[in-house]
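S.K.: Could you have a look at this structure, given as structure tokens, before my questions?
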Amino acid sequence: DLSFIQRADKKYEATVEVTLLYMKDSIVFNHFKYLLFSEAIDDTASINFNLTDLKRINLPKGDYTIELYLKDENETTSTNYLWEGVTVDYNIDSLMISDIELVESYKLSDESNVFTKRGYEILPLAVEYFPTAMSSLNFYSEIYHADKLISDENYVITVFIHETTSQSPYRDLVVYSKQKPSHTSVIFSSFDLSKLPTGSYFITLEVRTRKNELLGSRSLFFYRSNTLLTFNPSQLDSINVENIFSSTLASDSLNFWMQSLYPIASNEEKNYIEYFEKTKSETGMRAFIYKFWKDRNPTDPLNEWMAYKNSVMYAEENFKTPNRHGFETDMGRVYLQYGPPSDALSEKHEPGAYPYQIWHYYFIKPNQTNVRFVFYNPDLVIGDYKLIHSDALGEIRNPRWQYLIYDAVNKHGSRDSDVTKFPDHFGSRVDDYFKE
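Written out as structure tokens, the structure is:
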């Protein structure tokens with residue numbers, strides 16, 4: 247929360263010192279430092295606005311770290327710090343898609359400022375979170391150089407919302423449009439979120455030819471909270487459980503297999519799992535397990551179930567701890583949700599470091615490449631590796647993850663919250679492993 251100070255004219259105002267660094271190879275490539283002022287208000291009892299600012303900067307190709315420091319000028323509290331890794335890579339001879347920008351509000355405007363585009367003043371939404379009161383998701387994106395890849399025929403743009411465990415549009419939350427090839431095309435639309443349940447989602451934009459060939463895509467993670475939708479387990483009552491594959495599961499293992507579905511379940515399916523965890527209804531659990539796999543493969547749900555069952559057993563054998571099943575651990579959840587990693591590095595004896603593993607995925611859905619997950623084991627004996635950092639969409643990000651791994655050393659060293667890279671010490675290899 248910001249502190250508002252009364253000015254000479256009796257109005258109240260907040261002030262934030264903003265420091266923005268663009269780092270390349272540990273060197274400051276560019277930077278901004280300035281004061282950001284709130285609007286002046288008469289009363290601080292009900293503040294209902296955000297401080298919004300926007301900076302645009304041209305960056306050459308390369309890998310950058312963007313560091314943001316925010317300090318309340320009216321308080322003596324410590325500086326807030328945010329960090330993000332960014333890769334700038336573009337080809338003027340190929341189709342490119344901008345990041346998807348969430349929009350808080352927009353209006354027609356003849357003015358020219360940092361918020362205006364294509365005749366609109368567009369205020370960006372600062373966080374990827376939509377509470378119940380926000381029933382609309384507005385978004386903006388641009389497509390470049392389509393005219394260099396596509397002839398005179400129109401191409402197809404599809405934008406849809408989907409759950410993190412699925413690539414299919416959630417119900418009718420999909421928008422189609424046709425565009426003529428041009429140097430720059432604008433995508434500016436919205437989705438009604440009133441019937442979207444609580445949970446984690448992606449909004450994905452795809453560009454395809456008329457022959458359905460994928461030319462490019464972009465995705466953005468967001469979270470929806472919706473307290474207005476109710477849960478109805480009676481939808482399973484019509485399923486006859488006598489002649490389905492789940493009828494052969496032992497009664498004392500039903501809850502285990504139900505819970506094992508949680509890492510890949512949709513938000514609505516998680517409600518069922520939590521419901522049957524309480525009610526222990528065998529008929530309901532058998533019906534749900536059957537429906538779960540029937541929804542994913544209508545022609546052969548048994549085959550889908552058996553493949554996943556084998557993965558669950560692998561997680562149980564390799565990631566189980568004395569008090570948690572394999573699918574309940576961070577490693578087990580990641581393994582079941584994303585599959586086995588393309589590469590994995592396990593380090594148990596590095597001087598001064600807790601045991602850690604770095605999993606590398608060449609590709610994961612939706613359309614993410616070169617993704618890594620970092621786990622560490624601070625308990626040493628139990629073997630329960632905790633996920634502390636990942637660059638995958640929707641996963642935990644911690645710019646100080648190296649400090650957790652080297653906590654034994656760090657207890658006698660720096661605790662500066664602004665430092666993100668742990669100082670080199672004998673035997674330290676984690677930074678090299680992460681970048682390989």
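With the numbering used here applied, the sequence shown covers 247 to 682. Virtual Cβ for every residue (Gly too), placed ideally from N, Cα, C.
To the nearest angstrom, report how far apart Phe250 and Val274 are at their CA atoms.
M.R.: On the sequence shown, position 4 is the one that residue 250 refers to. On the sequence shown, position 28 is the one that residue 274 refers to. C-alpha separation (whole angstroms): 32 Å.
S.K.: So, at 7 Å on beta carbons, what are the nonlocal neighbours of Thr444 in its own chain, with the 5 sequence-adjacent residues on each side left out?
M.R.: Position 198 of the sequence shown, counted from the start, is the residue given in the question as residue 444. The residues are Arg470, Ser471, Asn472 and Asn513.
S.K.: Please work out which residues of its chain come closer than 6 Å, Cβ to Cβ, to Val627, disregarding the five sequence neighbours upstream and downstream, and give them in chain order.
M.R.: Against the sequence shown, residue 627 aligns to sequence position 381. Taken in chain order, the list of residues that qualify is empty.
S.K.: Going by C-alpha to C-alpha distance, which of Tyr607, Leu314, Ile287 and Val349 sits closest to Glu330?
M.R.: As a first step, residue 330 must be located in the sequence shown, where it is residue number 84. Per the Cα distances, Leu314.
S.K.: Flag this pair as touching only if the segment 417 to 429 and the segment 473 to 486 have three or more C-beta atom pairs under 8 Å; answer yes or no.
M.R.: Verdict: no, contact absent.
S.K.: Mind checking which residues open and close the alpha helix (DSSP H) that includes Gly578?
M.R.: Within the sequence shown, residue 578 is the residue found at index 332, counting from 1. Where Gly578 is concerned, the enclosing alpha helix (DSSP H) stretches over Asp576 to Tyr584.
S.K.: Hey, would you say Met342 sits closer than 9 Å to His391, going by beta carbons?
M.R.: Locating residue 342 in the sequence shown gives position 96, counting from the first residue. Locating residue 391 in the sequence shown gives position 145, counting from the first residue. Yes.
S.K.: Around the C-beta of Asp255, are 16 or more other C-beta atoms found within 10 angstroms, so that it is buried, or is it exposed?
M.R.: For the purposes of this step, residue 255 is taken as the residue at position 9 of the sequence shown. The residue in question, Asp255, is exposed, as its Cβ has fewer than 16 Cβ neighbours within 10 Å.
S.K.: Quick one: grab the DSSP three-state call for Asn549.
M.R.: To locate residue 549, count along the sequence shown from 1; it is residue 303. It is helical.
S.K.: If we ignore side chains and look at the alpha-carbon of each, how far apart do Ser493 and Lys555 end up?
M.R.: As a working mapping, residue 493 is identified with position 247 in the sequence shown. As a working mapping, residue 555 is identified with position 309 in the sequence shown. So the alpha carbons of these two residues sit roughly 15 Å apart.
S.K.: Quick one: is Pro544 buried, meaning 16 or more other Cβ sit within 10 Å of its Cβ, or exposed?
M.R.: Position 298 of the sequence shown holds residue 544. Exposed is the call here.
S.K.: Would you call the CB atoms of Asn304 and Arg464 closer than 9 Å?
M.R.: For the purposes of this step, residue 304 is taken as residue 58 along the sequence shown, with counting starting at 1. For the purposes of this step, residue 464 is taken as residue 218 along the sequence shown, with counting starting at 1. Going by C-beta atoms, Asn304 is not nearer than 9 Å to Arg464.
S.K.: Tell me whether the beta-carbon of Leu297 lies closer than 9 Å to the beta-carbon of Leu281.
M.R.: Taking the sequence shown and counting its residues from 1, one reaches residue 297 at position 51. Taking the sequence shown and counting its residues from 1, one reaches residue 281 at position 35. Cβ distance not < 9 Å, so Leu297 and Leu281 don't count as in contact.
S.K.: Please state if the CB of Leu474 and the CB of Ser435 are separated by a distance shorter than 9 Å.
M.R.: Translated into the one-based positions of the sequence shown, residue 435 becomes position 189. Translated into the one-based positions of the sequence shown, residue 474 becomes position 228. Taking 9 Å as the Cβ cut-off, Ser435 and Leu474 do not qualify as a contacting pair.
S.K.: Between Phe468 and Glu374, how many whole angstroms is the CB-CB distance? I'm expecting something under 8 Å.
M.R.: The residue labelled residue 468 in the question sits at position 222 within the sequence shown. The residue labelled residue 374 in the question sits at position 128 within the sequence shown. Rounded, the Cβ-Cβ distance is 4 Å, consistent with contact.
S.K.: I need the straight-line Cα distance from Asp664 to Val264, nearest angstrom please.
M.R.: Locating residue 664 in the sequence shown gives position 418, where the first residue counts as 1. Locating residue 264 in the sequence shown gives position 18, where the first residue counts as 1. Per-residue confidence for Asp664 stands at a pLDDT of 46, beneath the threshold of 50, marking its modelled position as unreliable; the derived number appears in the next sentence. Rounded to whole angstroms, Asp664 to Val264 spans 14 Å at the Cα level.
S.K.: Counting only the same chain and skipping the five closest in sequence on each side, list residues whose C-beta sits under 7 Å from that of Gly308.
M.R.: The residue labelled residue 308 in the question sits at position 62 within the sequence shown. Lys270 and Val334.
S.K.: My assumption, with CB atoms under 8 Å, is that Val620 sits in contact with Ile604. Please give the rounded CB distance.
M.R.: For the purposes of this step, residue 620 is taken as the residue at position 374 of the sequence shown. For the purposes of this step, residue 604 is taken as the residue at position 358 of the sequence shown. Right, the Cβ-Cβ distance comes to about 5 Å (below 8 Å), so this counts as a contact.
S.K.: When the Cα of Thr378 is compared with those of Leu316, Ser412 and Leu442, which residue comes out closest?
M.R.: Reading the sequence shown from its first residue, position 132 is the one you call residue 378. Checking every option, the nearest Cα to that of Thr378 belongs to Leu442.
S.K.: How far does the alpha helix (DSSP H) with Asp541 in it reach, from first residue to last?
M.R.: By one-based count along the sequence shown, residue 541 stands at place 295. Segment Glu528 to Arg542, the alpha helix (DSSP H) holding Asp541.
S.K.: Kindly give me the distance between the Cβ atoms of Ser284 and Ile346, rounded to whole angstroms, as I take these residues to be in contact under 8 Å.
M.R.: As a first step, residue 284 is located in the sequence shown; it is residue number 38 there, counting from the start. As a first step, residue 346 is located in the sequence shown; it is residue number 100 there, counting from the start. Actually they are not in contact, since the Cβ atoms of Ser284 and Ile346 sit about 28 Å apart, beyond 8 Å.
S.K.: So which of Asp541, Ser358 and Asn489 has the shortest CA-CA distance to Thr411?
M.R.: By one-based count along the sequence shown, residue 411 stands at place 165. Cα-wise, what sits closest to Thr411 is Asp541.
S.K.: Go ahead and pull the three-state DSSP assignment for Phe565.
M.R.: For the purposes of this step, residue 565 is identified with residue 319 of the sequence shown, where counting begins at 1. Here Phe565 sits in helix by DSSP.
S.K.: Please report how far the alpha carbon of Gln583 lies from the alpha carbon of His606, in whole angstroms.
M.R.: Residue 583 sits at position 337 when you count from the first residue of the sequence shown. Residue 606 sits at position 360 when you count from the first residue of the sequence shown. The alpha-carbon atoms of Gln583 and His606 are separated by roughly 14 Å.
S.K.: Quickly, what does DSSP pair Ser499 with across the bridge? List them, please.
M.R.: Indexing the sequence shown from 1 puts residue 499 at position 253. Bridge partners of Ser499: none, in fact.
S.K.: What would DSSP say about Glu523, mapped onto helix, strand or coil?
M.R.: Stepping through the sequence shown from its first residue, residue 523 is reached at position 277. Of the three classes helix, strand and coil, the one that applies to Glu523 here is helix, per DSSP.
S.K.: Comparing alpha-carbon positions, which option in Ala590, Tyr581, Asn623 and Pro587 lies nearest Pro601?
M.R.: Working through the sequence shown from its first residue, we reach residue 601 at position 355. Checking every option, the nearest Cα to that of Pro601 belongs to Asn623.
S.K.: So Ile287 is in the alpha helix (DSSP H); what residue range does that whole segment cover?
M.R.: Position 41 of the sequence shown holds residue 287. Run containing Ile287: none; DSSP gives neither H nor E here.
S.K.: On the DSSP bridge list, what partners appear for Met342?
M.R.: By one-based count along the sequence shown, residue 342 stands at place 96. For Met342, which the question treats as bridged, DSSP gives the partners Tyr390.
S.K.: Pop quiz: Ile449 and Gln425 are said to be a contact at Cβ under 8 Å. What is the actual Cβ separation, rounded to whole angstroms?
M.R.: Counting from 1 along the sequence shown, the entry for residue 449 is found at position 203. Counting from 1 along the sequence shown, the entry for residue 425 is found at position 179. Actually they do not touch by this definition, with Cβ atoms about 18 Å apart.
S.K.: Name, in chain order, the residues that DSSP records as bridge partners for Val627.
M.R.: Along the sequence shown, one-based indexing puts residue 627 at 381. None; Val627 has no bridge partner.
S.K.: So what's Ile293 in DSSP terms, helix, strand or just coil?
M.R.: By 1-based counting over the sequence shown, the position of residue 293 is 47. Residue state, collapsed to three classes: coil.
S.K.: Can the beta-carbon of Pro427 be found closer than 9 Å to that of Tyr447?
M.R.: Reading the sequence shown from its first residue, position 181 is the one you call residue 427. Reading the sequence shown from its first residue, position 201 is the one you call residue 447. No, they are not a contact pair.
S.K.: My assumption, with CB atoms under 8 Å, is that Leu507 sits in contact with Met531. Please give the rounded CB distance.
M.R.: The count along the sequence shown starts at 1 and reaches residue 507 at position 261. The count along the sequence shown starts at 1 and reaches residue 531 at position 285. Not really, about 10 Å apart at Cβ, beyond 8 Å.
S.K.: Just to confirm my understanding: we take His408, look at its own chain, exclude 5 residues before and 5 after, and list those with CB closer than 7 Å. What are they?
M.R.: Translated into the one-based positions of the sequence shown, residue 408 becomes position 162. Around His408: Ser414, Pro415, Tyr416, Tyr447, Phe448 and Thr450.
S.K.: If I measure Cβ to Cβ from Ile396 and keep anything under 6 Å in the same chain, skipping five residues before and after, which residues do I get?
M.R.: Along the sequence shown, one-based indexing puts residue 396 at 150. Taken in chain order, the residues that qualify are Pro427.
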